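Protein chains in written order, with my numbering: chain A, 210 to 544; chain B, 7 to 550; chain C, 302 to 649.
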Amino acid sequence: MTVLNIQGVTKSYTSDRKCVLSNLDFTLEKGEICAFIGESGTGKSTLLKLIAGLETSDSGTIILEGKTVESASKFVAAEDRGIGFVFQDFALFPHMSIKKNVGYGLAKFQDKTARVSEVLRMVGLASYGDRYPHELSGGEQQRIALARALAPNPTLLLLDEPFSNLDTALKSQIRNELFEIIKGTGISCIFVTHDAQDAISLAHKIAVLDQGKVVQMGTPKALFDQPFTPAIARFFGEINIFNQEEFQHFDIELEKADFYGIRPEHITYSLTPEKNSQAAVIMGETFHGLWRKYRIKLSSQMELDLMVDAQVPIEGKEVFITLAPAYLLMFHKKD
Amino acid sequence: MFSSFYYNAKIDKKWSLLTIAIVLLLGAPLLTILLKLFSGPGESWAHIKEYLLLDYLSNSLFLMVACSIFTLILGVIPAWLVSAYSFPFRKLLQWLLILPLAFPNYLTAYAYAGLFDYSGIYERMMVQIFNVDHVSHIDIMGIWGLAWVMSFSLYPYVYLSARSFFSHQSHRQMSAAKVLGAGRFKAFYSIALPLARPAVVGGLLLVVMEVLGDYGSAYYYGVSTYTTAIFRSWFALEEPETTVYLSAQLCMFILFLIVMERSLRGKKKYRFNSEGSQELIKKTPKAHIQVMFMLVIIIPISLGFILPLIQMMYWASLTFHEVWSTSLLSIVWSSFYLSMITAFICICISFLLIYAAKWSRSLIIQRLSSLPILGYAVPGVVIAVGIMIPTLIFDKWLVNIAQYYLNWSMGFLINGTIIGLIFAYSVRFLAVAYHPIEASIQKTGMRFEQAAQMLGVQRWKRMLQINIPLNKLGLLSGALLVFVDTMKELPLTLLLKPYGIMTLSVKAFEYASDERIAETALPALFIIMTGLIPIFLLNRMMNT
Amino acid sequence: MNKYLIALVHLGCFLFTSCSPQSNKEKVQEQQQEVNVYTHRHYAPDQELFAQFEKELGIKVNVVNASADELMLKMENEGAQSPADVLITVDAGRLQRAKEKELLQSVTSEVLTSNVPDHLRDEDGYWFGLTKRSRVIVYAKERVTKDQLSTYEALTEDQWLGKILIRSSGNIYNQSLMASMIANLGEEAAAQWAAGILKNMARSPKGSDRDQMKAVVAGVGDLAIVNTYYVGKLLTSPDSLEREVGEQIGIFFPNQEGRGTHINVSGAGVAKYAPNKANAIKFIEFLSSEAAQEIFSSSNFEYPVNPKVKMSPLLLSWGTFKEDKLSLSTLGVLNKSAVLLFDQVGWK
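Quick look at the structure:
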């Protein structure tokens with residue numbers, strides 16, 4: 210069943226008339242967790258606010274569980290959409306205790322206190338009810354924000370950059386805990402992030418936004434393996450891109466494409482010449498923890514990045530590389 | 007324009023209509039005046055233009071510029087010292103700096119005139135204490151003296167806005183400057199000062215509005231200002247058309263200033279993280295510098311408050327037996343509750359307007375909502391006219407209706423009643439509440455509101471439960487400022503007050519207009535004392 | 302929530318009780334007798350008189366205090382519903398203007414016609430003078446002798462260059478003086494007179510009449526043009542230095558050889574739509590009565606209009622004088638020309 214259906218949504222801000230979203234389509238199925246990713250300024254947060262009803266579109270339709278919530282002639286206010294929202298800075302009401310914060314959206318509930326303790330238990334902060342937001346750590350505040358959003362049983366949960374305000378040391382732990390909770394409730398969920406790693410590990414499906422459009426949508430694996438554009442590929446990690454002419458130097462039989470790409474980790478190398486290998490001079494190196502990155506220059510003057518296991522650094526000034534066709538990504542220019 | 011507004015499903019009609027209703031209600035007096043701009047001036051306009059306008063305009067412009075510069079110096083420097091340094095009595099001085107607000111500026115003007123009078127305290131002191139034979143007379147009653155007096159009584163507006171900025175908002179930027187090796191002083195003029203500009207300009211705008219709207223002090227000091235032209239065309243030349251035309255032009259000028267200020271603010275959109283609003287860490291300078299700082303701060307306090315206060319107390323002691331009676335206490339009470347009600351209404355309306363505008367998706371509503379603050383710029387008497395014209399039409403209509411249908415001969419509902427008076431106060435002082443509340447809402451931002459919205463809570467409830475508690479300080483400071491201003495208000499009260507009610511400022515005026523300046527002192531002291539209470543509270547609030 | 306509601310209800314009740322219509326015409330007749338007075342006079346003796354009136358006749362006096370111009374505007378706007386019964390101003394010009402604007406009504410009262418001399422009231426009974434004030438020359442006794450002074454016109458002579466103190470042209474007393482100049486000498490001569498005074502001014506005009514006298518004593522100039530009763534007020538001031546100032550100046554009544562010294566009246570008229578007309582007449586009659594006039598004379602140092610009343614000793618000490626018998630209505634008619642002339646010669 211489709212929870213959310215967006216058709217042809219366009220939005221521009223009056224201040225600069227630039228299109229933030231142009232004619233965008235999107236659907237979300239029940240129980241799916243979807244990530245919106247993209248560079249900053251690609252309109253992903255705006256899209257989230259449009260779905261929530263915190264912003265209005267210039268044209269287009271948004272349908273939530275079969276009901277039109279926004280169209281040219283109709284607009285359902287945010288408070289009447291039944292959507293949960295976790296804000297980037299959590300926006301916990303500073304003048305209310307945790308209990309009150311969590312219970313704030315429960316006006317229609319019969320047994321408010323029971324529901325409050327239920328969701329507090331769910332996020333593992335059952336004993337925090339009487340504290341105030343400023344007494345909590347960032348991670349705790351975030352869990353309360355989640356509890357508050359989940360308490361009224363929304364049909365859809367939206368999270369805006371949920372991890373940007375957290376310390377990196379704890380980030381992955383908090384991230385996993387949070388999504389365990391979300392997955393546990395089985396709620397449909399969209400979150401916005403600029404970190405592809407978050408998207409890959411947490412979402413069922415990723416929508417990549419660029420210049421106001423969804424440029425690619427699919428499972429994390431599909432996006433990682435078959436990105437449509439070099440830009441999308443670059444989003445999931447570093448990549449070497451060649452045009453057709455540059456690619457011919459490698460002399461590999463492959464179907465024709467406008468661009469080819471290979472990730473630095475996927476280049477095979479050896480210290481001695483091998484079949485079909487090309488010699489390259491090492492220009493510089495940087496250390497990346499598990500990896501060591503080398504900048505190398507081929508005889509054709511082309512420069513590439515090469516990532517090797519940091520435990521086995523390359524000795525010497527020269528290296529021989531081969532590109533395995535299985536690892537090569539192909540991109541076609543749009544017409 | 008309106009049909010697209012009406013059919014746009016995305017604009018909240020209820021709130022938009024509420025905003026429009028409030029704006030129309032409060033704007034009716036101003037609109038009445040502004041509309042006169044189209045009907046043109048009367049025939050004496052040519053006379054005014056030929057003989058008076060240039061002189062009056064140049065005086066007004068001079069006062070505006072001079073007072074802006076003086077109040078900037080008098081407001082910003084002490085604000086910086088009390089927020090960035092620690093020295094003995096800092097807390098006390100920081101509070102005393104606001105006190106001149108309690109003085110109606112026409113009383114400060116009288117007090118200064120009295121001090122430097124030919125038989126004034128200054129000359130007597132020179133003769134009796136310092137044994138000076140020939141005292142060179144200081145003539146305060148001139149345009150420079152007026153600029154001086156007005157600056158010393160108005161600088162707290164600048165001081166308050168600058169201080170709240172320095173002490174609560176500049177912490178991060180100042181720390182950054184310190185890390186980069188800038189000294190306190192350099193950090194002040196290169197970081198804090200430019201950042202504080204929007205806040206300071208807001209305070210300055212209030213000063214300019216007060217200066218342009220003043221009549222009493224300027225008249226007494228023999229300085230003809232633009233407002234003089236307004237009064238002259240009305241009373242001496244008997245041409246209300248020209249009066250209203252001149253007032254409308256003044257309104258347009260103020261509108262222009264407001265738009266300028268907005269666009270300045272718009273271009274330089276500094277974003278401040280409100281979570282970073284820690285207090286600036288205060289530095290303790292060397293002892294002799296501490297003393298110097300204290301002296302610098304004592305200057306505006308003593309010249310803006312203590313000196314006029316001494317003069318008032320001296321006068322009060324001379325005239326006490328004549329003026330004092332227990333009925334004075336009932337006058338204090340009526341002044342007090344009128345001001346309380348006005349303050350309450352002003353903050354409610356300001357809040358509604360700002361809140362509705364912030365949330366409206368209609369640009370028209372956003373623009374409209376700040377229009378009523380223009381009332382502050384219009385001289386009280388002109389507002390009184392603007393109020394009388396439309397409300398009398400309404401009142402007469404109501405009286406006729408009641409007579410015709412109910413056979414009930416009622417009196418006026420608005421004119422000459424407390425409703426009319428408070429309505430007039432609200433039109434005039436909305437701006438005073440509007441600014442601090444707007445700043446507070448700006449600072450709180452939309453996030454809590456949006457969070458409540460996403461929890462399915464309806465607007466009225468969100469406003470009462472989330473926005474009002476979160477903007478409590480802004481609302482209270484708005485209320486206190488309106489309270490103090492209403493206590494001091496004169497021309498509106500004179501014209502619109504009901505018979506039964508007497509206020510302190512009217513009492514003071516009765517004496518003053520009889521040239522019994524000394525007798526004004528006792529009611530004036532009561533105005534000041536009643537004004538001190540909210541100022542004290544305001545300061546407490548700003549510190550917490 | 303309940304708390305807010307209760308507070309609101311309280312506020313509502315409060316507003317309603319405190320703004321119950323106060324100018325209810327019927328209610329007045331049923332309940333208490335009252336008279337609504339719009340007055341420009343703010344003197345303490347007036348309040349005593351009002352209180353006395355309340356006590357003697359049992360009619361309550363409601364007072365609105367503001368400048369005459371503002372009060373007239375208020376009456377104009379209120380129209381037929383105006384609660385005003387009596388308008389009191391401090392110069393005849395304003396009363397004349399009120400008559401022209403049809404804000405007053407004609408009254409016939411024998412008491413008033415016998416108490417107020419003909420030239421001090423409107424011929425049609427629209428207004429009645431209550432007190433007289435004359436605008437005189439005061440001088441520093443130390444530096445000036447009486448025989449140096451003669452007329453208002455003589456003040457433009459070069460011997461007084463930089464010696465004259467007078468307040469601004471925005472002041473109604475100056476406007477009336479100027480109007481009398483126009484009436485007596487014609488516009489051109491009046492303009493020359495104003496220019497001559499301006500040339501001789503010791504400083505640009507500012508402050509009140511009292512301030513002019515203080516400046517005379519301080520030596521800023523030698524002469525000032527002021528209203529007589531301000532001298533009386535200085536002499537009885539609670540401030541000892543002000544009393545000294547009062548003693549150091551002399552009063553001179555100009556133009557005694559010719560038309561007489563410029564005078565003006567403070568007076569009252571019955572409002573056109575007066576809801577309590579009878580009370581209004583009683584009120585004005587009371588103010589013109591001998592008892593009331595004596596109070597005007599003794600506590601406010603104004604000259605009584607009622608010829609039967611003896612002047613206070615202080616007024617007597619200044620001597621009697623010949624007054625300009627120019628019809629006071631003329632002052633109102635010429636007021637605007639006076640202001641225009643002031644502006645043209647540049648008298649601020």
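Backbone N, C-alpha and C define an ideal beta-carbon position, used for all residues, glycine too.
Predicted model only: the values in this text are computed from it and were never measured.
In the DSSP assignment, residue 367 of chain A forms a beta bridge with A:294, A:399. For residue 251 of chain A, the closest Cβ of chain B is not nearer than 8 Å. Within chain B, the residues placing a beta-carbon under 7 Å from that of residue 293 of chain A are 460, ordered along the chain. For residue 516 of chain C, a Cβ of chain B is located within less than 8 Å of the residue's own Cβ.
Considering only beta carbons, the part of the stretch 335 to 369 of chain A lying closer than 9 Å to chain B consists of 354, 357, 358, 360, 361, 363, 367, in chain order.
If you check each beta-carbon in the stretch 637 to 649 of chain C against every beta-carbon of chain B, the ones closer than 7 Å belong to 637, 640, 641, 644, 645, 649. By DSSP's assignment, residue 339 of chain C forms a beta bridge with C:365, C:388. Here DSSP, grouped into helix, strand and coil, assigns residue 136 of chain B to coil. Residue 249 of chain B sits close to residue 236 of chain B, with the two beta carbons spaced by under 8 Å. Non-local C-beta neighbours of residue 392 of chain C in its own chain, meaning closer than 6 Å and more than five positions away in sequence, comprise 473, 477, 565, ordered along the chain.
Exposure of residue 411 of chain B is indicated by the presence of fewer than 16 other C-beta atoms within 10 angstroms of its C-beta.
Judged by DSSP in its simplified three-state form, residue 505 of chain A adopts strand. Contact between residue 382 of chain B and residue 438 of chain B is confirmed by a C-beta separation of about 7 Å, below the 8 Å threshold. For the stretch 503 to 514 of chain C, residues whose beta-carbon sits nearer than 9 Å to a beta-carbon of chain B comprise 504, 505, 506, 507, 508, 509, 510, 511, 512.
When secondary structure is reduced to three states using DSSP, residue 428 of chain A falls in the coil class, being assigned neither helix nor strand.
For secondary structure counted as the alpha helix (DSSP H) over 4 or more consecutive residues, the stretch 393 to 440 of chain B holds no complete run. Under the Cβ distance rule, residue 539 of chain C counts among the residues neighbouring chain B, one pair being separated by less than 8 Å. A Cβ-Cβ distance of about 18 Å is found for the pair residue 369 of chain A and residue 332 of chain A, leaving them out of contact under the 8 Å criterion. By the Cβ neighbour-count rule, residue 230 of chain A is buried, with 16 or more other Cβ atoms within 10 Å of its own. DSSP places residue 280 of chain A in the uninterrupted beta strand (DSSP E) bounded by 276 to 280. In the three-state DSSP reduction, residue 452 of chain B falls in the coil class, being neither helix nor strand. Excluding residues up to 5 positions away in sequence, 211, 376, 379, 380 lie with their Cβ nearer than 8 Å to the Cβ of residue 264 of chain B in the same chain. Close partners of residue 336 of chain C in chain B (Cβ separation under 8 Å) are lacking, with about 11 Å as the shortest Cβ gap.
Contact between residue 165 of chain B and residue 103 of chain B holds, since their C-beta atoms are separated by about 6 Å, short of 8 Å.
Taking the Cα of residue 444 of chain C as reference, the smallest distance to any Cα among C:351, C:521, C:504 is reached at C:521. For a Cβ distance threshold of 9 Å, nothing in chain B lies close to residue 219 of chain A: the least Cβ distance comes to about 14 Å. Using beta-carbon distances, residue 463 of chain B counts as an interface residue toward chain A, with a partner under 8 Å. The beta carbon of residue 598 of chain C does not come within 8 Å of any beta carbon belonging to chain B, so the residue lies off that interface. Contacts between residue 304 of chain A and chain B, judged by CB atoms closer than 8 Å, involve 475, 476 in chain order. The Cβ atoms of residue 330 of chain B and residue 528 of chain B lie closer than 8 Å to each other. When 9 Å is used as the limit between beta carbons, residue 261 of chain A is near these residues of chain B: 456, 459, 460, in chain order. Counting the other CB atoms within 10 Å of its CB gives residue 70 of chain B a total of 16 or more, which places it among the buried residues. For residue 453 of chain B, the closest Cβ of chain A is nearer than 8 Å. The closest CA to that of residue 535 of chain A, considering only A:469, A:385, A:306, is found on A:469. Per DSSP, the unbroken alpha helix (DSSP H) holding residue 349 of chain C starts and ends at 345 to 358.
Per DSSP, reduced to three states, the secondary structure at residue 327 of chain B is helical.
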